[in-house]
Amino acid sequence: MSRCGGPLGRISAILLLAVFAAACSSDEPPAYVERPVEELYNGALDALQAGEYEEAARLFDEVERQHPYSAWASKAQLMAAYAFYQENSYDEAINALDRFIELHPGSPDVSYAYYLKAISYYEQISDVGRDQSMTTEALNALEELARRFPTSKYTRDAELKIDLALDHLAGKHMEIGRFYQSRSEYLAAINRFRTVIERYQTTTHVPEALHRLVESYMALGIIDEAQATAAVLGHNFPGSDWYIDSYALLTGENLRPAESEESWISSIF
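Adding 96 to a residue's 1-based position in the sequence shown gives its number in our numbering.
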């Protein structure tokens, strides 16, 4: 009978160590293998087309990592950002786009990078009842695109979205102004309505903002200001319901045509 400390025991221990070492070595990551740039890039495109956006972004990043000086590297950077955008990973997309813009300011694709960055902000705009910091970011990015690339094919869409972002911001001021007005905090309400008129003159909220000013001035007993504001409203938006309401508030006269009883009854049924 042999003991653990004998020759046989030592041999068994050596065998166990060898088996353990082999098991440990199997857990080690495989050795780094460089792949051809075309293979990586095409694999990333395949993943993108299959809707596997996270894998596509990883493979596009791998193109740049393995082949940083190839002609494919800068295109892969932009495509990685696009993959993140498609996955709604907006923060990752914006970070990748900022990096592309910094590294390749003269690229023919840089206007698209600015556009995709703006869209990544724009698609995060929330309703006017919530914080509008993302709307401000989107507006800044859209205006930067329009300023830097006035003839770009992306600029027309950016200009349309600028108008929508401005309208959204004006809507937020209107919501807050109406809230103050409902609490009889008329000075705070007036500040919000004046902001809409002075900073968001091209938005759809201006007629209402003028009317709300008329209401607030009347509530404070500042009749001259109310009349002057109503005159501005009537001059610029003579046929609007907001002017009709302001006129009625100031004069007690209703400019809306009276409906006949028959038409009133028919509208109910």
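Yeah, the Cβ is synthetic: ideal placement off N, Cα and C, and Gly gets one too.
* **Supposed close pair Glu304, Met270 - CB separation, criterion 8 Å** => 7 Å
* Exposure of His49, with buried meaning 16 or more beta-carbon neighbours within 10 Å -> Lying outside 97 to 365, the shown extent of the chain, residue 49 is not represented and no answer is given.
* Asked: Do you know how far the Cα of Ser342 is from the Cα of Glu311?
  -> 8 Å
* Are at least three pairs of beta-carbons, each pair with one atom in the stretch 208-216 and one in the stretch 177-197, less than 8 Å apart? -> yes
* **Burial state of Gly225, where buried means 16 or more other Cβ atoms lie within 10 Å** => exposed
* Asked: CB-CB under 6 Å to Glu158, same chain, minus the five flanking residues each way: which ones, in chain order?
  -> Leu136
* Asked: Taking just the CA atoms, how far does Arg154 sit from Lys393?
  -> Missing from the structure shown is residue 393; the chain here goes from 97 to 365 and no further.
* Three-state secondary structure (DSSP) of Phe245 -> coil
* To do: Check Gln162 in the structure and name its three-state DSSP category.
  => helix
* To do: Go to Ala177, then tell me how far its alpha helix (DSSP H) extends in each direction, as first and last residue.
  => Ala169 to Gln182
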